[in-house]
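I have placed the structure first, in the form of structure tokens, so that the comments after it can refer back to it.
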Amino acid sequence: MAPSSRSSRPVGRPTRGTTGTNRLRRIDRWVTGPAAGLLRSADDPLVVDLGYGASATTTVEAAARLRRVRPDVEVVGLEIDPGRVALARAALARLPAGAAAGVRFELGGFELGAPAVLAGRRPVLVRAANVLRQYPVEEVAGAWALVAGRLAPGGLLVDATCDEVGRRVAWLVVGDDGAPRSLVLSLRLAGLERPGAVAERLPKALIERNVPGEPVHAYLAAMDAAWARQAPLAVFGARQRFAAACAEVAAQGWPVRGRPARWRLGEVAVDAGAVGL
Ligand SMILES: C[S@@+](CC[C@H](N)C(=O)[O-])C[C@H]1O[C@@H](n2cnc3c(N)ncnc32)[C@H](O)[C@@H]1O
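Count along the sequence shown from 1, add 6, and you get the number used in this note's numbering.
Written out as structure tokens, the structure reads:
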């Protein structure tokens, strides 16, 4: 990864800009759910959506959802592709004032923009969805460190990957020290064949490690086996079945986090150390 000092060139490079309406809703639901305390208690409720892609959509959606938790939240969409910044600004200008409130779009990379962009402020949360998946794995830790160095104390980076429509989502929660804290899986349960179906959407730091003998592989295998054993609960619905599978995996000793209420949403977190990070 390139320089850690503030330079005028954004750190990183443009990649495919695929995005979509509502694609990142499951991440927003986590931010406004288990992670809501971060926003509520922030002295400066600044959030960065890093690499928002070919349209302004997911950034504007995130702002609308986050405002329900923290009405004065400011969401800055950062893109390394200047053409996408221009497009997003034009789209923002066409929105009703209420939808555009507290949102702006700026040029920037993993350094979080030129000094004037955040003007010395430190975001409490940075979301980078479907960004690092397009980088070589060797660059991931450096990108985390660069972003983490710009976070507010206690702030978090969400390094997320998902399918085109946001039904299978996985993200690593990285702390302000640049170290991963947890892996969160969030799956649409209707029609789910098995939790391990998320494998092809694991964040870059894990996807290449998902082979027999590696902890992340063992974790997904444990989830799949528990899901299979809980098949009799399918009669009560996939939510009950998934929650029971999470409880079973926790009982096996996996440091699974969250409460049954989150598990029933198809969302489960595990300590990053348990999956080999
Ligand atoms: C696949 S799109 C993701 C869009 C949106 N976040 C989503 O998940 O739907 C990835 C975007 O990240 C941008 N990107 C790649 N590296 C970046 C970096 N270092 N800083 C900012 N944006 C970056 C690319 O230009 C691209 O538009």
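Each residue gets a CB set at the ideal place from its N, CA and C atoms; glycine is no exception.
In this text, all values refer to a predicted model and were calculated from it rather than measured experimentally.
Where does VAL255 land, buried or exposed, given buried means 16+ other C-beta within 10 angstroms?
Here residue 255 refers to the residue found at position 249 when the sequence shown is read from its first residue. With 16 or more other Cβ atoms within 10 Å, it is buried.
Q: Quick one: measure Cβ to Cβ for VAL222 and VAL164, integer angstroms, because I've assumed they're closer than 8 Å.
A: Here the question's residue 222 lines up with position 216 in the sequence shown. Here the question's residue 164 lines up with position 158 in the sequence shown. That pair is no contact at about 18 Å.
Checklist entry - Looking only at its own chain, which residues have a Cβ that is under 6 Å from the Cβ of THR21, when we skip the five neighbours before and after it? => result Stepping through the sequence shown from its first residue, residue 21 is reached at position 15. Excluding residues within five positions, the ones whose Cβ falls inside 6 Å are GLN140.
Item checked: Nearest-angstrom Cα separation, counted from VAL153 out to LEU178 -> For the purposes of this step, residue 178 is taken as the residue at position 172 of the sequence shown. For the purposes of this step, residue 153 is taken as the residue at position 147 of the sequence shown. The alpha-carbon atoms of LEU178 and VAL153 are separated by roughly 14 Å.
Exposed or buried, GLN258, counting other C-beta atoms within 10 Å across all chains shown (16 or more means buried)?
As a first step, residue 258 must be located in the sequence shown, where it is residue number 252. Its Cβ having fewer than 16 others within 10 Å, GLN258 is exposed.
- request: Return helix, strand or coil for TRP177, following the three-state DSSP convention.
  value: Here residue 177 is taken as the residue at index 171 of the sequence shown, counted from 1. Three-state result, TRP177: strand.
- Item | Which of helix, strand or coil DSSP assigns to PHE116 | Locating residue 116 in the sequence shown gives position 110, where the first residue counts as 1. Note: PHE116 maps to coil in three-state DSSP.
Can you name the residues that DSSP bridges to THR65?
For this step, residue 65 is matched to residue 59 along the sequence shown. The partner list for THR65 (beta bridge, DSSP) is empty, contrary to what the question assumes.
* Distance, LEU84 Cα to GLY202 Cα -> By 1-based counting over the sequence shown, the position of residue 202 is 196. By 1-based counting over the sequence shown, the position of residue 84 is 78. Whole-angstrom Cα-Cα distance: 32 Å.
Quick check: is any heavy atom of ligand 1 less than 7 Å from the C-beta of ILE213? Looking up residue 213 in the sequence shown gives position 207. ILE213: no, Cβ never under 7 Å from ligand 1.
Worksheet item: For the beta strand (DSSP E) that contains GLU254, what are its first and last residues?
Response: As a first step, residue 254 must be located in the sequence shown, where it is residue number 248. Per DSSP, GLU254 belongs to no beta strand (DSSP E); it is in the alpha helix (DSSP H), 244-257.
key: N- and C-terminal bounds of the beta strand (DSSP E) containing PRO121   = Within the sequence shown, residue 121 is the residue found at index 115, counting from 1. PRO121 -> not in any beta strand (DSSP E); alpha helix (DSSP H) instead, spanning 121-124.
Quiz item: What is the C-beta distance between GLU117 and SER192, in whole angstroms, given that I count them as a contact (C-beta under 8 Å)?
Solution: To locate residue 117, count along the sequence shown from 1; it is residue 111. To locate residue 192, count along the sequence shown from 1; it is residue 186. That pair is no contact at about 29 Å.
Quiz item: Hey, ALA253 and PRO186 are a contact pair by Cβ (cut 8 Å); roughly how many whole angstroms apart?
Solution: Sequence index remark: in the sequence shown, residue 253 carries index 247 (1-based). Sequence index remark: in the sequence shown, residue 186 carries index 180 (1-based). In fact, because the Cβ distance is near 24 Å, the residues do not count as touching under 8 Å.
Exercise. Distance, Cα to Cα, PRO73 vs ASP34?
Worked result: Reading the sequence shown from its first residue, position 67 is the one you call residue 73. Reading the sequence shown from its first residue, position 28 is the one you call residue 34. It should be noted that the sequence gives Arg, not Pro, for residue 73. Looking at the two C-alpha atoms, the distance is approximately 11 Å.
task: Compute every distance between the C-beta of PHE111 and the non-hydrogen atoms of ligand 1, then say whether any falls below 7 Å.
output: The residue given as residue 111 occupies position 105 in the sequence shown. Every heavy atom of ligand 1 is 7 Å or more from the Cβ of PHE111, so no.
Original post:
Roughly how many angstroms lie between the CA atoms of ALA69 and GLY108, to the nearest whole one?
Top reply: Numbered from its first residue, the sequence shown carries residue 69 at position 63. Numbered from its first residue, the sequence shown carries residue 108 at position 102. Approximately 7 Å, taken between the alpha carbons.
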